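Below: one structure, written as structure tokens.
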Amino acid sequence: MDTSPDKATASTTHCLHQRICSLNFLLCLAFSETFLGLTHHLSVYLQSPAIDMSVALEQVDLVLTELEEMGTNAEAEFHKIFSLCQDRAAEFGVKCEISRVVGTQRYRANYHCSSAEEYYRRATFIPYINDLNASLKRRFANHRKTLQRLLFVLPKHASKRKFESVQPAFDFYLRDMTKTLILTLKGEWEIWKTKWQAMQEEELPRFATDALAECDKSLFPNVHTLLKI
66 MDTSPDKATA STTHCLHQRI CSLNFLLCLA FSETFLGLTH HLSVYLQSPA IDMSVALEQV
126 DLVLTELEEM GTNAEAEFHK IFSLCQDRAA EFGVKCEISR VVGTQRYRAN YHCSSAEEYY
186 RRATFIPYIN DLNASLKRRF ANHRKTLQRL LFVLPKHASK RKFESVQPAF DFYLRDMTKT
246 LILTLKGEWE IWKTKWQAMQ EEELPRFATD ALAECDKSLF PNVHTLLKI
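Sequential numbering from 66 applies to the sequence shown in our numbering.
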């Protein structure tokens, strides 16, 4: 299609071909392979109808730890990616060189580096890691706060907590609960709390699945809903 008699089609095809056959494109493709490899299973789990938010946030923390580790060892990590891209570039006849740098640039990074590897590490790899890191933290910040409140529903925490400490979680998931007055919710909480106060701490259910097995839905309908979340 690059030689199509239709000038518009030929021009568009040529531009697309130029974009694809560039070091920038090859690097972005390599970044996608690398970072999607880290986040793929998390992404699949987040779409599961049986998601456990505490497990999800634990996985998010593991991904964040790995990203921070990659950022700390950016030189070594990027060297592996850049070496792979050099091999791919050679197959397509793409030159591994630094983009043209001038005194003042408005639309892309203006790094003065001694090699293409250093330039692209500073201009693309490190910002990519930082942006993904910040996006994950921002995306799950509110979920983390809500989960902290939800954890108070677990027997090991409930036995020591006042209703006010868990009320934000009730308020957040109010649409998922049976229609009831706030005083009824508080009464349900106080009975749930009393249920566990007589037990030794080591005997208390530690996980939501264990607590759910001990939660009678007819007696604690709203606590049951929170434990399922």
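Cβ atoms here follow ideal geometry from the backbone N, Cα and C, with glycine treated the same way. This structure is a prediction, so every number in the text was calculated from the model and none was measured.
So is A73 buried or exposed if we call it buried at 16+ other beta carbons inside 10 Å? exposed
Under 8 Å: do the stretch 102-122 and the stretch 141-161 share three or more Cβ pairs, one atom per stretch? no
Is it a yes or a no for the stretch 225-237 touching the stretch 267-274, going by three-plus beta-carbon pairs under 8 Å? no
Suppose only complete runs of 4+ residues qualify. What are the alpha helix (DSSP H) ranges in the stretch 123-191, listed by chain order? 139-157 and 181-185
Quick check: what's the CA-CA separation for K227 versus E131? 37 Å
Taking contact to mean at least 3 C-beta pairs separated by less than 8 Å, is the stretch 210-225 in contact with the stretch 114-122? yes
With H, G and I counted as helix, E and B as strand and the rest as coil, what does DSSP make of K282? coil
Per DSSP, what kind of secondary structure is K260 in: helix, strand or coil? helix
Could you tell me the alpha carbon to alpha carbon distance between N195 and L88, rounded to whole angstroms? 21 Å
Name the two residues that bound the continuous alpha helix (DSSP H) containing V109. L88 to L111
Straight-line gap, F90 to Y184 (C-alpha atoms, nearest Å): 15 Å
Do you know whose CA, among M118, H106 and C93, lies nearest A206's CA? M118
Range of the contiguous alpha helix (DSSP H) that encloses P233: F228 to F237
How long is the line joining the alpha carbons of L129 and C178, rounded to whole angstroms? 29 Å
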